[in-house]
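Let me begin by presenting the structure, written as structure tokens, before commenting on it.
And the structure:
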């Protein structure tokens with residue numbers, strides 16, 4: 001096992017194999033269902049470049065205006081050929097994944113905020129680390145994180161390449177890696193990602209809690225990036241629609257894959273009062289039944305409450321001198337999924353960055369258990385979408401139960417991440433310093 005983990009050749013061969021397979025499936029085998037969004041990006045690019053109609057600049061849009069950057073890059077290949085554009089898009093995502101994989105493979109515990117090459121105490125019974133991990137040289141932690149990142153891409157399937165989330169997920173990994181030594185770079189990356197897809201912006205809360213000088217190192221870089229986006233948007237005449245994507249999200253119903261839809265999804269196996277219907281305006285399937293409208297509206301409040309609770313835990317942990325960047329990043333990412341009324345399969349890419357970085361930098365905590373759970377979430381998501389999505393819509397009980405189990409696993413993941421924050425918030429600075437000294441001494445005696 002150690003020999004495989006340490007082999008960079010094996011890692012890059014596996015990387016090529018996984019991406020070639022996903023490109024084949026997404027572009028050539030079942031393109032309509034897996035890369036349908038990519039073709040929508042192509043049509044938007046065609047509308048702007050050929051006809052001068054730019055969503056987000058000439059009217060409200062479902063995405064932040066920064067999404068135009070990754071959408072326009074593959075347009076250099078083609079805006080008329082769906083396959084050519086999809087190949088250009090795949091090349092862009094593969095390049096970002098390659099940069100991310102390389103960064104992870106070169107990471108180590110030295111990269112964490114403490115700036116010390118320390119090891120966590122032997123918690124294999126608590127965090128699910130296998131026995132062979134105890135003898136793994138410290139320099140291979142990054143390789144293990146890289147393998148984990150690649151395994152998640154394979155587990156999630158072609159949707160890991162065929163969405164805008166495929167662009168921001170690598171940015172989230174790179175930002176979390178940079179956060180330990182270059183928080184300003186991390187802030188700029190997360191803010192840029194948020195102007196493509198909102199999710200990375202939530203991680204700024206965890207970054208601010210971890211940074212020594214949050215205003216200078218987090219707030220100012222984020223403000224600079226935002227100012228650039230606003231200035232470019234204003235120059236293009238799109239300032240009135242800059243925040244249009246926020247209003248669009250509020251008009252959504254309860255999407256069938258959403259975690260909150262699970263009770264109605266299961267009830268639909270036994271009653272005709274629950275129905276699944278297609279919403280052509282936002283190109284999604286929504287679930288309707290007694291109480292679904294109320295649930296969809298309440299979720300907005302639940303999101304605010306949970307994010308506020310996470311922010312409070314981060315603040316308390318910060319005051320007690322505890323490193324909470326990665327647990328906070330995971331908690332915020334999972335919160336966005338669990339409390340969201342959409343729950344699209346590509347959202348699963350938001351949870352992998354913190355886990356990959358935690359493993360690559362040997363962060364203390366139950367990250368191995370979390371990693372295995374996340375791989376299971378990825379596999380279950382791929383089974384449902386794209387392979388068995390139509391059966392789920394028709395009420396197939398097996399596929400419905402797989403989706404329900406996936407949603408339950410997401411709730412478990414949220415609870416685990418919140419427990420890490422609660423434990424961190426309860427620790428005192430003295431306890432944290434003593435534990436760090438113990439880990440450092442354990443590391444010194446490590447072969």
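Residue numbers (UniProt numbering): 1 to 447.
In this text, a Cβ means the ideal position worked out from N, Cα and C, and glycines have one as well.
Cβ shell of residue i (< 7 Å), same chain only, five flanking positions each side left out
{"i": "residue 74", "result": "85, 88, 89, 92"}
{"i": "residue 218", "result": "183, 187, 204, 207, 208, 211"}
{"i": "residue 450", "result": "Nothing about residue 450 can be reported from this structure: the residues present for the chain run from 1 to 447 only."}
{"i": "residue 258", "result": "340, 341, 342, 343"}
{"i": "residue 72", "result": "45"}
{"i": "residue 4", "result": "10"}
{"i": "residue 450", "result": "Missing from the structure shown is residue 450; the chain here goes from 1 to 447 and no further."}
{"i": "residue 370", "result": "355, 413, 416"}
Residue i versus the options, residue with shortest Cα-Cα distance
{"i": "residue 199", "options": "391, 169, 60, 183", "result": "169"}
{"i": "residue 171", "options": "353, 405, 142, 390", "result": "353"}
{"i": "residue 331", "options": "321, 320, 303", "result": "303"}
{"i": "residue 268", "options": "259, 280, 289, 333", "result": "289"}
{"i": "residue 351", "options": "239, 389, 417, 7", "result": "417"}
{"i": "residue 448", "options": "181, 253, 297, 291", "result": "Within the shown structure, residues of the chain are numbered from 1 to 447, placing residue 448 beyond reach of any answer."}
{"i": "residue 415", "options": "358, 382, 333, 359", "result": "333"}
{"i": "residue 191", "options": "295, 222, 177", "result": "222"}
{"i": "residue 34", "options": "43, 42, 23, 44", "result": "23"}
{"i": "residue 294", "options": "423, 374, 50, 260", "result": "260"}
{"i": "residue 425", "options": "8, 315, 62, 42", "result": "315"}
{"i": "residue 2", "options": "281, 142, 396, 234", "result": "142"}
{"i": "residue 101", "options": "367, 247, 147", "result": "147"}
{"i": "residue 345", "options": "382, 318, 297, 320", "result": "382"}
{"i": "residue 405", "options": "79, 32, 262, 242", "result": "262"}
{"i": "residue 422", "options": "393, 233, 318, 247", "result": "318"}
{"i": "residue 393", "options": "140, 413, 266", "result": "266"}
{"i": "residue 413", "options": "213, 368, 8", "result": "368"}
Residue i versus residue j: straight-line alpha-carbon distance, rounded
{"i": "residue 264", "j": "residue 385", "result": "19 Å"}
{"i": "residue 67", "j": "residue 196", "result": "4 Å"}
{"i": "residue 275", "j": "residue 29", "result": "30 Å"}
{"i": "residue 144", "j": "residue 355", "result": "11 Å"}
{"i": "residue 189", "j": "residue 56", "result": "21 Å"}
{"i": "residue 77", "j": "residue 420", "result": "46 Å"}
{"i": "residue 300", "j": "residue 283", "result": "21 Å"}
{"i": "residue 69", "j": "residue 271", "result": "46 Å"}
{"i": "residue 156", "j": "residue 403", "result": "14 Å"}
{"i": "residue 372", "j": "residue 59", "result": "43 Å"}
{"i": "residue 15", "j": "residue 98", "result": "8 Å"}
{"i": "residue 64", "j": "residue 220", "result": "20 Å"}
{"i": "residue 349", "j": "residue 167", "result": "10 Å"}
{"i": "residue 244", "j": "residue 62", "result": "7 Å"}
{"i": "residue 52", "j": "residue 45", "result": "10 Å"}
{"i": "residue 388", "j": "residue 173", "result": "30 Å"}
{"i": "residue 215", "j": "residue 179", "result": "14 Å"}
{"i": "residue 48", "j": "residue 27", "result": "23 Å"}
{"i": "residue 50", "j": "residue 239", "result": "22 Å"}
{"i": "residue 298", "j": "residue 241", "result": "26 Å"}
{"i": "residue 41", "j": "residue 12", "result": "29 Å"}
{"i": "residue 292", "j": "residue 401", "result": "19 Å"}
{"i": "residue 460", "j": "residue 21", "result": "Shown here, the chain extends from 1 to 447; a query on residue 460 therefore has no answer."}
{"i": "residue 31", "j": "residue 25", "result": "7 Å"}
{"i": "residue 6", "j": "residue 359", "result": "15 Å"}
{"i": "residue 321", "j": "residue 95", "result": "37 Å"}
Beta-carbon contacts of residue i that lie in its chain and below 6 Å, excluding the five residues immediately before and after
{"i": "residue 194", "result": "200, 201"}
{"i": "residue 256", "result": "276, 285, 287"}
{"i": "residue 391", "result": "399"}
{"i": "residue 39", "result": "82"}
{"i": "residue 54", "result": "48"}
{"i": "residue 296", "result": "253, 254, 341"}
Residues near residue i in its chain [Cβ-Cβ closer than 8 Å; skip 5 each side]
{"i": "residue 347", "result": "165, 199, 336, 337, 340"}
{"i": "residue 176", "result": "186, 203, 325, 326, 329, 353, 354, 357"}
{"i": "residue 79", "result": "42, 45, 46, 49, 50, 85"}
{"i": "residue 397", "result": "269"}
{"i": "residue 140", "result": "2, 5, 6"}
Check: residue i C-beta below 7 Å from any heavy atom of the ligand SAM
{"i": "residue 284", "result": "In terms of ligand content, the structure shown is empty, and the ligand SAM therefore cannot be addressed."}
Min CB distance residue i to chain C below 8 Å
{"i": "residue 63", "result": "In summary, chain C is missing from the structure at hand, where a single protein chain is found."}
Measuring CB atoms only, is the stretch 361-380 touching the stretch 222-237, in the sense that at least three cross pairs come out at less than 8 Å?
no
I want to know whether the stretch 369-382 touches the stretch 143-161 - three or more CB-CB distances under 8 Å.
yes
Would you say the stretch 303-321 touches the stretch 398-413, given that touching needs at least three Cβ pairs under 8 Å?
no
Three-pair Cβ contact test at 8 Å for the stretch 322-342 versus the stretch 100-107:
no
Alpha helix (DSSP H) runs wholly inside the stretch 63-115, at least 4 long, in chain order
68-72, 82-105
At which residue ranges does the stretch 157-194 contain complete beta strand (DSSP E) runs of 3 or more residues, listed in the order of the chain?
none
Report the residue ranges of all alpha helix (DSSP H) runs contained in full by the stretch 332-373; include only those spanning at least 4 residues, in chain order.
352-360
In the stretch 192-274, which residue ranges form an unbroken alpha helix (DSSP H) of at least 4 residues, counting only runs that do not cross its ends?
203-210, 220-235, 244-250, 262-267
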